[in-house]
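**Q**
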Amino acid sequence: MEYINLIEEAQAQGESKRLYDEANRRAGKVYNVVKCMSLAPHHLRASIDLYLAVMYSESPLTRKQREMLGVVVSHTNHCHY
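Counting in the numbering used here, the sequence shown runs from 1 upward without gaps.
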């Protein structure tokens, strides 16, 4: 079985800590996918920036529609996120 080391909130430092703090303000928690990517903070920052652009930038889709698409894709992929 695969195993990925996760940086827990109490151990986060530097850029990872800043990104965790942002995640807490945005979502109220730090999801494991964020912890997993925090091993390479520059990748995590790029991922967060992409997410924010997709979810909040100008679009013909409403925010609600974008969230619904995310739920459908997650469900299709058997992913609880």
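Glycine residues also receive a C-beta, built at the ideal position from the N, C-alpha and C atoms.
At 4 residues or longer, what runs of the alpha helix (DSSP H) sit wholly inside the region 2-38?
**A** If we require 4 residues or more, the alpha helix (DSSP H) runs fully inside the region 2-38 come out as 14-27, 32-37.
**Q** Determine contact between the region 9-23 and the region 52-59, defined as no fewer than three beta-carbon pairs at a distance below 8 Å.
**A** In short, these stretches do not touch, since the Cβ pair count stays below three.
**Q** Would you call the region 30-46 and the region 6-16 in contact, with 3 or more CB pairs under 8 Å?
**A** Verdict: yes, contact present.
**Q** Ordered along the chain, which non-local residues of its own chain (more than five positions away) have a Cβ less than 6 Å from that of Ala-12?
**A** Contacts found: Tyr-20.
**Q** Using the beta-carbon count (16 or more within 10 Å), is Lys-29 buried or exposed?
**A** So Lys-29 counts as exposed.
**Q** Are there 16 or more other CB atoms within 10 angstroms of the CB of Ser-16, so buried, or fewer, so exposed?
**A** Under this definition Ser-16 is a buried residue.
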